[in-house]
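Asks:
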Amino acid sequence: MRNVIILGSGCAGNTAAIYTGRAGLNPLVVIGHEPGGQLSLTTEVENFPGFPEGINGPDLVANMQKQAERFGAEYVFGTVTEADLSKRPFRLNIDGEWQECQTLIIASGASARWLGLPNEQKLIGHGVSSCATCDGAFYRDRKIMVIGGGDTAMEEANFLTRFGREVTLVHRRDEFRASKIMLERARANPKIQFLLNTVVEDIYDVTQKTVTGVKLRDVKTNRVWDQEVDGFFLAIGHVPNTKPFVGQIDLDPDGYIVSKGGARTNIHGVFHAGDVQDRTYRQAITAAGAGCMAAIEAERLLGEGH
Ligand SMILES: Cc1cc2nc3c(=O)[nH]c(=O)nc-3n(C[C@H](O)[C@H](O)[C@H](O)COP(=O)(O)OP(=O)(O)OC[C@H]3O[C@@H](n4cnc5c(N)ncnc54)[C@H](O)[C@@H]3O)c2cc1C
Numbered sequence: 016m017r018n019v020i021i022l023g024s025g026c027a028g029n030t031a032a033i034y035t036g037r038a039g040l041n042p043l044v045v046i047g048h049e050p051g052g053q054l055s056l057t058t059e060v061e062n063f064p065g066f067p068e069g070i071n072g073p074d075l076v077a078n079m080q081k082q083a084e085r086f087g088a089e090y091v092f093g094t095v096t097e098a099d100l101s102k103r104p105f106r107l108n109i110d111g112e113w114q115e116c117q118t119l120i121i122a123s124g125a126s127a128r129w130l131g132l133p134n135e136q137k138l139i140g141h142g143v144s145s146c147a148t149c150d151g152a153f154y155r156d157r158k159i160m161v162i163g164g165g166d167t168a169m170e171e172a173n174f175l176t177r178f179g180r181e182v183t184l185v186h187r188r189d190e191f192r193a194s195k196i197m198l199e200r201a202r203a204n205p206k207i208q209f210l211l212n213t214v215v216e217d218i219y220d221v222t223q224k225t226v227t228g229v230k231l232r233d234v235k236t237n238r239v240w241d242q243e244v245d246g247f248f249l250a251i252g253h254v255p256n257t258k259p260f261v262g263q264i265d266l267d268p269d270g271y272i273v274s275k276g277g278a279r280t281n282i283h284g285v286f287h288a289g290d291v292q293d294r295t296y297r298q299a300i301t302a303a304g305a306g307c308m309a310a311i312e313a314e315r316l317l318g319e320g321h
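Residue numbers (the numbering used here): 16 to 321.
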């Protein structure tokens with residue numbers, strides 16, 4: 016029986032582990048399918064406070080884990096596939112083995128949707144990104160491409176015009192999910208060009224380890240052509256990692272955990288932290304802050320003997 020189990024080894028989970036570790040709760044952190052979380056996918060992180068020269072994403076999360084382990088946090092490889100939150104202690108199935116805990120911190124993040132192109136994964140952090148706020152500043156005066164047709168795509172395209180020489184928005188249809196106001200704002204921006212009825216077939220250039228261009232196809236005419244690009248931003252949505260909790264915890268229609276204030280969920284003793292609940296900010300620092308909040312709430316609940 017654990018005092019606290021933390022799901023996820025990203026910024027939120029690691030920060031929760033530092034705090035609950037220092038509180039003497041001997042947390043167990045379940046690493047999940049993506050050790051270190053989304054920051055492990057990136058290279059340079061320039062906006063995490065405390066690193067004036069920036070820091071490599073994987074190094075940042077590895078440091079957090081080291082810091083948590085110093086205070087007694089235990090990390091296990093594995094993924095939670097099933098959970099029973101109907102009563103305390105809560106029960107979690109970690110790759111076939113059931114573990115019990117008094118409190119649970121869900122910091123399982125939200126995975127970006129990718130196109131699934133062969134070279135895409137190889138170029139993440141080398142020109143391919145799913146986060147304009149995070150990586151836009153690396154493309155000052157460069158050619159940027161944004162993929163998507165919803166509000167996020169419009170917002171990211173507009174935001175990226177602050178940096179890029181030009182921004183091309185590629186959408187596979189000629190109709191948009193984006194709201195009228197967001198679409199009009201993007202259309203009115205002279206730096207944004209629209210490429211509609213168009214899909215990306217490939218991203219270049221893995222041999223150079225950086226994005227240099229894309230292969231595009233017009234879905235109506237089947238014309239195929241190459242276009243030079245320096246920064247390639249996906250804005251086709253995120254999938255919150257909440258599958259094991261469907262039907263047990265309050266989730267919104269897209270699967271994000273519904274907050275009941277602070278880090279609380281609708282279940283007493285189960286807390287949320289980071290991108291698994293936050294569809295607005297999605298930053299390392301906000302996830303870390305949320306991990307701290309969840310840890311303090313778990314600590315107080317256990318301290319009060321509830
Ligand atoms: C390419 C890229 C670049 C980025 N750059 C920056 C940047 O420069 N600055 C910045 O502030 N932010 C950046 N971000 C955003 C930042 O990475 C996220 O906001 C942050 O990682 C969210 O942290 P998290 O802990 O909530 O979730 P995540 O980092 O997504 O971690 C989730 C964790 O949960 C685990 N998990 C999932 N399901 C389960 C399960 N069923 N059982 C057990 N474990 C599970 C995963 O293995 C993972 O370890 C970037 C994101 C991307 C994708």
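For every residue, glycine included, the Cβ atom is placed at its ideal position computed from N, Cα and C.
Measuring only from the beta carbon, is Asp156 closer than 7 angstroms to any heavy atom that is part of ligand 1?
Replies: No, Cβ of Asp156 sits at least 7 angstroms from all heavy atoms of ligand 1.
Asks: Between Ala122 and chain C, is any beta-carbon pair separated by less than 8 angstroms?
Replies: Annotation note: the requested chain C is absent from the structure, which comprises a single protein chain.
Asks: Can you give the Cα-Cα distance for Phe248 and Ala288, rounded to whole angstroms?
Replies: If you take the alpha carbons of Phe248 and Ala288, they lie about 25 angstroms apart.
Asks: Find the nearest neighbour of Thr257 within the set Gly39, Glu97, Phe92, judged by alpha-carbon distance.
Replies: Cα-wise, what sits closest to Thr257 is Glu97.
Asks: Determine the direct distance from the alpha carbon of Val95 to that of Phe174, and round the result to whole angstroms.
Replies: If I take the Cα positions, the gap works out to 36 angstroms.
Asks: Is Arg297 near ligand 1, with its Cβ less than 7 angstroms from a heavy atom?
Replies: Yes, since a heavy atom of ligand 1 falls inside the 7 angstroms radius drawn around the Cβ of Arg297.
Asks: Tell me Ala98's beta-bridge partners as DSSP assigns them.
Replies: According to DSSP, which records beta bridges pairwise, Ala98 is partnered with Leu107.
Asks: Work out the CA separation of Pro67 and Val229 for me, nearest whole Å.
Replies: Those two C-alpha atoms are separated by around 33 angstroms.
Asks: Just confirm the distance between the C-beta atoms of Leu54 and Leu75, as a whole number of angstroms; I'd bet it's less than 8 angstroms.
Replies: About 6 angstroms separates the two Cβ atoms, so the contact holds.
Asks: Taking 7 angstroms as the line, does the beta carbon of Thr94 fall inside it for any heavy atom of ligand 1?
Replies: Thr94: yes, Cβ under 7 angstroms from ligand 1.
Asks: Exposed or buried, which one is Gln292 when buried takes at least 16 other CB atoms within 10 Å?
Replies: By the 10 Å Cβ count, Gln292 comes out buried.
Asks: Rounding to the nearest angstrom, what Cα-Cα distance links Ala168 and Ala83 in this structure?
Replies: Rounded to whole angstroms, Ala168 to Ala83 spans 36 angstroms at the Cα level.
Asks: Cβ of Glu68 versus every heavy atom of ligand 1: is any distance shorter than 7 angstroms?
Replies: No, the beta carbon of Glu68 sits no closer than 7 angstroms to any heavy atom of ligand 1.
Asks: To the nearest angstrom, how far is the alpha carbon of Gln136 from that of Leu198?
Replies: Rounded to whole angstroms, Gln136 to Leu198 spans 29 angstroms at the Cα level.
Asks: Rank Asp189, Glu171, Phe105, Ala299 by C-alpha distance to the C-alpha of Ala201 and give the top, closest one.
Replies: Taking only the C-alpha atoms, the option nearest Ala201 is Glu171.
Asks: Around the C-beta of Met79, are 16 or more other C-beta atoms found within 10 angstroms, so that it is buried, or is it exposed?
Replies: Flag for Met79 reads buried.
Asks: Tell me which same chain residues have a C-beta within less than 7 angstroms of the C-beta of Ser194, skipping the five on either side of it?
Replies: Answer for Ser194: Asp166, listed in chain order.
Asks: Who are the Cβ neighbours of Gly131 in its own chain at under 6 angstroms, not counting the five residues just before and after it?
Replies: Around Gly131: no qualifying Cβ.
Asks: Sort Phe86, Asp241, Thr236 by Cα distance to Asp220 and report the nearest one.
Replies: Of Phe86, Asp241, Thr236, the residue nearest in Cα terms is Asp241.
Asks: Below 7 angstroms, is the gap between the Cβ of Leu56 and the nearest heavy atom of ligand 1?
Replies: Answer for Leu56: yes, Cβ within range of ligand 1.
Asks: Out of Gly25, Val19, Arg315, Ala299, which has the shortest C-alpha to C-alpha gap to Ala122?
Replies: When each option's Cα is compared against that of Ala122, the closest is Gly25.
Asks: Checking 8 angstroms against the spacing of the C-beta atoms, do Arg128 and Ile251 come in under that value?
Replies: Against a cut-off of 8 angstroms, the Cβ pair of Ile251 and Arg128 comes out as a contact.
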